[in-house]
Structure formats: structure tokens, C-alpha cells
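J.: Residue numbering for the sequence shown is 1203 to 1326, as defined by this note's numbering. Mind looking over this structure? Questions follow.
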Amino acid sequence: MSSHVICIGEEATLESVAEVFDEDTAAMAAPIVDLGGHVVGVVARIDVPEELEPRRLLQAKDVMEPVETHVRKSWPVERAAEVVARSALADVVPVFEDDTEVVVGMIGRRDISPPDTDHFVFDL
């Protein structure tokens, strides 16, 4: 789970979203929140166009994937893995605090899958 999560407002321009991804190069996706702070979707890095003009015209809510599910912080990894495997969301789902909808992290397929050692590169 990535516990360093930057939530983005649904009204934010894609230009602002691109800046967040430029500053946080490890982030592959970010939760999108409404004015009340509730998670309404997830935007993936690949959803942000390279061209500058669409970035100025579109908002995060225009390209986000709606949140269909979530994981709770205290859930066993097996349960979380099952939820992530069923999710169609940009390979990640938000992790909520146990008794609220406060985002405390994001978990994705990379977090729960064993490494593919056939594709490791070793410098000998």
C-alpha cells in the first residue's frame, strides 16, 4: 500500500493533476474527492493527456474512473487482494480508515502480486 496519497479535487484542471504527477513521480494514480472530501473517483497518470490544451479545458472529474469499491485499513491482505483483483479501476483502489471514508492509502495489483523474476535485470 502506498500511504503517501495526494487527494485531488474533482474540479481541478488536468493541468493541475499533471503537476501533481510531475512532483510525485512514483504515483501512478490519485483519488479524486468532492467538496465534502468524499472519494468519488480515481485518475490514473495515463488518463492525463500530454497535449497542453486539453489539460486546460478538462477537469479531473471528466477523466476519472468512478470509485466502485474500496479496502479498509485493517482488512487482511487476502481480502484486500480479492477486492483489488475484481476492480476495474486503473489497477488501484483507495484504502479507507476503518470507521470513516478518510483515504489513508492506495493499494494496487503491484502491491499484492509476487514479483515477476523472469524479467529482473541483474548487473553482473
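Don't be surprised by glycine CBs; every beta carbon is placed ideally from N, CA and C. Note that the coordinates shown come from a computational prediction; the quantities given were computed from them, not determined experimentally.
What alpha helix (DSSP H) runs, 4 residues minimum, are completely inside the region 1253 to 1316?
T.: Entirely contained in the region 1253 to 1316, the alpha helix (DSSP H) runs reaching 4 residues are, in chain order, 1254 to 1259, 1262 to 1265, 1279 to 1288 and 1311 to 1314.
J.: What do you reckon, are the CB atoms on ARG1311 and ASP1300 nearer than 8 angstroms?
T.: Within the sequence shown, the letter at position 109 stands for residue 1311. Within the sequence shown, the letter at position 98 stands for residue 1300. The answer is no: Cβ separation not under 8 angstroms.
J.: What separation, rounded to the nearest whole angstrom, lies between the Cα atoms of VAL1207 and VAL1306?
T.: Reading the sequence shown from its first residue, position 5 is the one you call residue 1207. Reading the sequence shown from its first residue, position 104 is the one you call residue 1306. Between VAL1207 and VAL1306, the C-alpha separation is close to 7 angstroms.
J.: Measuring only the C-alpha atoms, how far is GLU1213 from ASP1236?
T.: Locating residue 1213 in the sequence shown gives position 11, counting from the first residue. Locating residue 1236 in the sequence shown gives position 34, counting from the first residue. Near 8 angstroms, if we compare the C-alpha coordinates of ASP1236 and GLU1213.
J.: What separation, rounded to the nearest whole angstrom, lies between the Cα atoms of LEU1254 and THR1227?
T.: As a position in the sequence shown, residue 1254 is number 52, starting the count at 1. As a position in the sequence shown, residue 1227 is number 25, starting the count at 1. So the two alpha carbons sit approximately 19 angstroms from each other.
J.: Ordered along the chain, which non-local residues of its own chain (more than five positions away) have a Cβ less than 8 angstroms from that of VAL1250?
T.: Taking the sequence shown and counting its residues from 1, one reaches residue 1250 at position 48. Counting only Cβ-Cβ distances below 8 angstroms, and skipping sequence neighbours, we find LEU1216, VAL1219, ALA1220, PHE1223, ARG1257 and VAL1265.
J.: Closest to HIS1272 by C-alpha separation, out of LYS1263, SER1289 and GLN1261, would be which residue?
T.: Along the sequence shown, one-based indexing puts residue 1272 at 70. Answer by Cα proximity: SER1289.
J.: Can you tell me which of the three DSSP states VAL1219 falls into?
T.: Counting from 1 along the sequence shown, the entry for residue 1219 is found at position 17. Residue state, collapsed to three classes: helix.
J.: For GLY1243 versus VAL1285, is the C-beta spacing smaller than 8 angstroms?
T.: On the sequence shown, residue 1243 is found 41 positions in, with the first residue counted as 1. On the sequence shown, residue 1285 is found 83 positions in, with the first residue counted as 1. Going by C-beta atoms, GLY1243 is not nearer than 8 angstroms to VAL1285.
J.: Might you give, ordered along the chain, the residues of its own chain that have their beta carbon closer than 7 angstroms to the beta carbon of ILE1332, omitting 5 neighbours on each side?
T.: The question about residue 1332 has no answer, for the chain in this structure spans 1203 to 1326.
J.: Just to confirm my understanding: we take GLU1303, look at its own chain, exclude 5 residues before and 5 after, and list those with CB closer than 7 angstroms. What are they?
T.: For the purposes of this step, residue 1303 is taken as residue 101 along the sequence shown, with counting starting at 1. Cβ within range, chain order: HIS1240 and VAL1241.
J.: How long is the line joining the alpha carbons of SER1205 and LEU1259, rounded to whole angstroms?
T.: Reading the sequence shown from its first residue, position 3 is the one you call residue 1205. Reading the sequence shown from its first residue, position 57 is the one you call residue 1259. Answer to the nearest angstrom: the Cα atoms are 30 angstroms apart.
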